[in-house]
Amino acid sequence: DVKVTQSSRYLVKRTGEKVFLECVQDMDHENMFWYRQDPGLGLRLIYFSYDVKMKEKGDIPEGYSVSREKKERFSLILESASTNQTSMYLCASTPGQGTYGYTFGSGTRLTVV
Amino acid sequence: QQPVQSPQAVILREGEDAVINCSSSKALYSVHWYRQKHGEAPVFLMILLKGGEQKGHDKISASFNEKKQQSSLYLTASQLSYSGTYFCGTEIGGSQGNLIFGKGTKLSVKP
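So the protein sequences, as listed, match chains A and B. Per this note's numbering, residue 1 is the first one in the first sequence, and the count goes up by one each step. Per this note's numbering, residue 1001 is the first one in the second sequence, and the count goes up by one each step.
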């Protein structure tokens, strides 16, 4: 089975801190995504990447950046954490563009205080 | 652009049937369905492509009406294990293949 691993299950950070969320997949998938999930809002796309060193903005990229130096790893960076970034963050991957389902990681619940 | 799911929540008894709908205002290339149990990652159920096809496995099936930009998920003879939140993810033109997810439908199956 494809595994998408997010390094932390829970994180608590202070306002203004720089935060790194890590995601690693083990099946050589081309595409990787970062979503945030908030009650009543569903999943919203922050950034995605279709290749190493490639990144594209999703629907809500403000306040975030990403890094993909290796194919298996996709990092989400909160440059200066704010309380409105308190959320569940989900990473996902797919083999490539086309008719593939997404495989999600278990999520990182980030609290910014 | 976010698809609209209905109902927002539904409570069933074991053995009852349910239908969850997903509607988009945009032309759809494909529709995905996922189930998320509390505290867990969303799990892929199935994908439907243009052509009005219907898919299913076990007692969960789905249809896709591309003319109406709608998809429906059918859960037949529900089991306790079907409880969770169901999301549809829609692929629209210009989305570079990315999915836009609905807000979810919370399904609770009671004994």
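Beta carbons are placed, not taken as given, at the ideal position from N, Cα and C, and that holds for glycine. Since the model is a prediction, treat every value here as computed from it, not as a measurement.
| Check | Outcome |
| --- | --- |
| Tell me whether the beta-carbon of Y102 of chain A lies closer than 8 Å to the beta-carbon of L1099 of chain B. | yes |
| What are the boundary residues of the beta strand (DSSP E) that K70 of chain A is part of? | 64-70 |
| Leaving out five residues on either side along the sequence, give the residues of the same chain with a beta carbon under 6 Å from the beta carbon of K71 of chain A. | V52 |
| By alpha-carbon positions, which one of A:E69, A:I46, A:R68 ends up nearest to D59 of chain A? | A:I46 |
| How is N1098 of chain B classed by DSSP in three states: helix, strand or coil? | coil |
| So, is the C-beta of T15 of chain A closer than 8 Å to a C-beta in chain B? | no |
| Of the residues that make up the segment 32-50 of chain A, which ones have a beta carbon closer than 9 Å to any beta carbon in chain B? | F33, Y35, Q37, G40, L41, G42, L43, R44, L45, F48, Y50 |
| In its own chain, which residues sit with a C-beta less than 7 Å from the C-beta of S1071 of chain B, not counting the 5 before and 5 after it? | C1022, V1031, L1048, A1062, S1063, F1064, C1088 |
| Between which two residues does the beta strand (DSSP E) containing A1041 of chain B stretch? | Counting along the chain, A1041 of chain B falls outside any beta strand (DSSP E), and DSSP gives it neither H nor E. |
| Mind pulling the chain A residues with CB within less than 9 Å of F1064 of chain B? | Per Cβ cutoff of 9 Å: no residues; F1064 of chain B is ~12 Å from chain A at best. |
| Examine chain B for any beta-carbon lying closer than 8 Å to the beta-carbon of Y64 of chain A, and answer yes or no. | no |
| If distances are taken between C-alpha atoms only, which option among B:E1014, B:G1104, B:E1066 comes closest to S1081 of chain B? | B:E1014 |
| Assuming D38 of chain A is part of the beta strand (DSSP E), what are its boundary residues? | 31-38 |
| Just to confirm my understanding: we take K55 of chain A, look at its own chain, exclude 5 residues before and 5 after, and list those with CB closer than 7 Å. What are they? | Y47, S49, V66, R68 |
| Could you name the residues of the same chain whose beta carbon sits closer than 6 Å to that of S1006 of chain B, not counting the 5 residues immediately before and after it, in chain order? | N1021 |
| DSSP three-state label for L43 of chain A, please. | strand |
| If you drop the 5 nearest sequence neighbours on each side, which residues of the same chain put their C-beta closer than 7 Å to that of P39 of chain A? | none |
| For chain B, check one thing: does any of its Cβ atoms lie closer than 8 Å to the Cβ of Y10 of chain A? | no |
| Using a threshold of 8 Å, state whether the C-beta atoms of T1090 of chain B and T1105 of chain B are closer than that. | no |
| Short of 8 Å Cβ to Cβ, which residues in the segment 1010-1042 of chain B face chain A? | S1030, H1032, Y1034, E1040, A1041, P1042 |
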